[in-house]
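Written below as structure tokens is the structure these notes are about.
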Amino acid sequence: MKLPSIQQVLQESARTLKRFPFVLATAAVGTIVALILVDYEGQPTASILFNVLFATILGLPLLLASALVAEKRAWHKSTALGINLVCLLLLVAYAFSVPPNIPAAPEIHAQRLLMLTLALALLAITAPFAAVRQQNGFWQFCKSLALRAILTGVFSLTLYAGLAIAMASIDQLFGVDVPERRYGELGLFILGIFATWFFLADVPRDLDALETRTDYPRILKTFGQYILSPMLVVYFVILYAYVAKIIIEWNWPKGWVGGLIFGFASMGIAAYLLLHPVREESENRWVAIAARWFWIAMLPMVVVLELAIWRRVSEYGITEHRYFALGLGAWLAAMALYFLISKTKSIKVIPASICVLALLASFGPWGAFSVSEQSQVARLEGLLTKNQLLIGGKAQKAQGQVAAADAVEISSIVRYLHDNHGYRKIQAWFTESLQQDSAGLGLIDKEPATVVSSLGVEYNTYSVFDGREYGSLTADPAKPINIEGYDRLLAAQHLSAASPEFGSPEDGIACHIDTNLNVLTASVMEAGAATDSTQISLRPLVDSLLSDRTIVNPRGIPPGRMTAETVTPTMKLKVVLRRIEFRKVGDEYEPASYDAVVLYARVPR
3 MKLPSIQQVL
13 QESARTLKRF
23 PFVLATAAVG
33 TIVALILVDY
43 EGQPTASILF
53 NVLFATILGL
63 PLLLASALVA
73 EKRAWHKSTA
83 LGINLVCLLL
93 LVAYAFSVPP
103 NIPAAPEIHA
113 QRLLMLTLAL
123 ALLAITAPFA
133 AVRQQNGFWQ
143 FCKSLALRAI
153 LTGVFSLTLY
163 AGLAIAMASI
173 DQLFGVDVPE
183 RRYGELGLFI
193 LGIFATWFFL
203 ADVPRDLDAL
213 ETRTDYPRIL
223 KTFGQYILSP
233 MLVVYFVILY
243 AYVAKIIIEW
253 NWPKGWVGGL
263 IFGFASMGIA
273 AYLLLHPVRE
283 ESENRWVAIA
293 ARWFWIAMLP
303 MVVVLELAIW
313 RRVSEYGITE
323 HRYFALGLGA
333 WLAAMALYFL
343 ISKTKSIKVI
353 PASICVLALL
363 ASFGPWGAFS
373 VSEQSQVARL
383 EGLLTKNQLL
393 IGGKAQKAQG
403 QVAAADAVEI
413 SSIVRYLHDN
423 HGYRKIQAWF
433 TESLQQDSAG
443 LGLIDKEPAT
453 VVSSLGVEYN
463 TYSVFDGREY
473 GSLTADPAKP
483 INIEGYDRLL
493 AAQHLSAASP
503 EFGSPEDGIA
513 CHIDTNLNVL
523 TASVMEAGAA
533 TDSTQISLRP
543 LVDSLLSDRT
553 IVNPRGIPPG
563 RMTAETVTPT
573 MKLKVVLRRI
583 EFRKVGDEYE
593 PASYDAVVLY
603 ARVPR
């Protein structure tokens, strides 16, 4: 293979710039803005640069879609220019919808950006082929983009690794200070300029000619037939065995089963798309048969998925994640019916329908964000009214103790609103403002603990008894463990009934946990034999943690709060539980495993 010369590379780069001037200009502006934001030192601040950055991120797929449609439809240059200007006006309008204080703004803006980016990326893929019946051309187009994206990723990562190592070498060998942010800036430059330009350079030019192409990488068939298909069978057996269990026990499906169903659906659709061009070959007739049975198998899975998600919705209301899960379930049902009933069975329907749904879910009263916010505000209103904290539409301070379970729910909903939407929907309930001034960021929402405390409710967002089958508590890894008065330390990972022992004679101590994980026995070892031992009961500590309603962050508990100690005439023993995994047994939670640190010392006689 003959490598291109520098002149050829420059000529190809110029052709790419001429072909996609608006896309590359947007990429350049976005990269410059991102570099400025990364280079800024100091506290987070409000800046119009965030508005520009968000708009340029959306501009890349939107302007690419415009350019590709113009090429496919052979639009006049003036028409194409007019469409691009309309796209730019839409991006400007979107930029004004983004708050400049993004570092402190609700997450809804970042989530909407992701949704719109997905929708516009799919638009760029499907729009050029929207009004033509060129299934093979569409497949070839998607294949080319996918392979180019993989190659772009490999080249970009290699370039970044090489340059980053070079920068580190200059720092270490020559004593030239290279600030850490330079590595981030290097990555942004490669992603925004090199990767974008490199990817666009190989976007197919003659889209009509793709319909007659028959080249098919055999690696795709190998991957679809020998990797994805066997995995589909495994998922199929697991999921249908679970469906049988639901029917036999007549139990609600578990929420986590949704992940398996989405995995099954994703692999099935990927295999179908990968094998689509060879489905008519005589040796591959099984593809069409397997595809039909896949869509048939999906329908019962959709029912299980919707029941599992709806159970959580009925208990805790709608959030964005549950909205998307319900929407994807409905979409899977629609796709299954389409590919079972339709005669055309166009694969363009898959990305096009996701594009439309993503756009619809991003805005409006029917969208994911509005529906989720309304649902959680309604739940909060019901809880406050129940506890006489909201009377006549005005918030009141609690006159007595609010039930612990209700306090947890109130705290969790306020935290959700703070993180995702802000307090605009509940501001009318309060006489004082729920916002406060912040240096550099302007007005920001008050902390959830402040809002909840103003109601006379103890702020608490954590409860292990929240309906989950599993739970965990973790000590804050950034906080030190007090080792004063102890001679030796021994760590254990995943201590459980299946793995009850750790330590050895070489360590000078051997430990054993009983079957119920309640009592730990530590034995001092000398010459291979136990010369002394003591026991420490962990169950009181575990029970107190489970019943502690003041725990706010279950992943950052002070180590002292997860510590048990005992002293005998001959030995001191301390156990710090770094992590406790729980499982639900009936209506109670039992410890399933521990990560622990054991400290011990001999008491002088």
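Residue numbers (this note's numbering): 3 to 607. Ideal Cβ placement from N, Cα and C applies to all residues, glycine included.
CA-to-CA distance, His111 to Asp447, given in whole angstroms: 15 Å
Skipping 5 residues on each side, what residues in its chain have a beta carbon closer than 8 Å to that of Ala338? Trp297, Ile298, Met300, Leu301 and Val304
Secondary structure of Lys388, DSSP reduced to three states: helix
What residue range does the alpha helix (DSSP H) around Val239 cover? Ser231 to Glu251
Could you round the C-beta distance between Ile511 and Val526 to whole angstroms and report it? I think they count as a contact, below 8 Å. 6 Å
Would Ile271 and Leu241 be called neighbours here (beta carbons separated by less than 8 Å)? no
Cβ neighbour criterion (16 or more within 10 Å) applied to Ile8: exposed
Cβ neighbour criterion (16 or more within 10 Å) applied to Tyr425: buried
Answer with buried or exposed for Ile250, where buried requires no fewer than 16 other C-beta atoms within 10 angstroms of its C-beta. exposed
Which residue's Cα is closest to the Cα of Ile320: Ser374, Asp489, Ala292 and Lys345? Ser374
DSSP bridge partner residues for Ile538 (one or two, in chain order): Leu522
Determine the contact status of Pro206 and Phe143, defining contact as a CB-CB distance below 8 Å. yes
Check whether the Cβ atoms of Leu519 and Ser498 sit closer than 8 Å, and answer yes or no. yes
On the DSSP letters alone, give me the boundaries of the alpha helix (DSSP H) that Leu328 sits inside. Glu322 to Ile343
Starting from Lys347, follow its DSSP beta bridges and name the residues at the other end. BP columns for Lys347 are empty, so no partner.
Write down the C-beta distance between Ala566 and Leu543 rounded to the nearest angstrom, noting that I regard them as a contact closer than 8 Å. 5 Å
Are Val31 and Leu190 touching if we call contact CB-CB under 8 Å? no
Does DSSP put His423 in a helix, in a strand, or in coil? coil
Is the beta carbon of Leu628 sitting closer than 8 Å to the one on Ala36? The structure shown does not extend to residue 628, since the chain is modelled only from 3 through 607, so no value can be given for it.
I'd like the span of the alpha helix (DSSP H) that includes Ala493, first residue to last. Taken as a continuous stretch (DSSP letters only), Ala493 belongs to no alpha helix (DSSP H), being part of the beta strand (DSSP E) at Arg490 to Leu497.
Which listed residue (Gly384, Trp312, Gly444 and Leu328) has its alpha carbon closest to that of Pro101: Gly444
Are Tyr340 and Gln378 closer than 8 Å when you measure CB to CB? no
So what's Val100 in DSSP terms, helix, strand or just coil? coil
So who's on the other strand from His514, going by DSSP bridges? Glu503 and Thr523
In the DSSP assignment, find the beta strand (DSSP E) that holds Ala594 and state where it starts and stops. Glu590 to Arg604
Nearest-angstrom Cα distance between Ala75 and Thr18? A small correction: the amino acid at residue 75 is Arg; Ala does not occupy that position in the sequence shown. Arg75 and Thr18: Cα-Cα distance of roughly 19 Å.
Under 7 Å: does the beta carbon of Leu334 sit that close to some heavy atom of the ligand ADP? Absence of the ligand ADP is noted for the structure shown, with no ligands found whatsoever.
What are the boundary residues of the beta strand (DSSP E) that includes Val569? Thr565 to Val569
Proximal residues to Phe22 (C-beta, below 6 Å), its chain only, five neighbours per side dropped: Ala69 and Leu202
Among Leu66, Leu492, Leu475 and Leu491, which has the Cα closest to the Cα of Val595? A quick correction: the sequence has Ser, not Val, at residue 595. Considering only alpha carbons, the answer is Leu475.
Quick one: give me the first and last residue of the beta strand (DSSP E) that Asp447 is part of. Gly444 to Asp447
Out of Phe200, Ala163, Leu60 and Glu73, point me to the one whose CA is closest to Leu209's CA. Glu73
With a CB to CB cut of under 8 Å and the five nearest residues on each side skipped, what residues in its chain are close to Trp368? Leu362
Just mark Ile59 as buried or exposed, buried being the case when its beta carbon has 16 or more other beta carbons within 10 Å. buried
Contacts around Phe467, its chain only, beta-carbon distance under 6 Å, and the 5 residues preceding and following it disregarded: A caution first: Phe467 carries a pLDDT of 47, below 50, which makes its placement in the model unreliable, though a value can still be read off. Within the same chain, Phe467 has no close Cβ partners at all.
CA-to-CA distance, Tyr96 to Leu609, given in whole angstroms: There is no way to answer for residue 609, as the model of the chain reaches only from 3 to 607.
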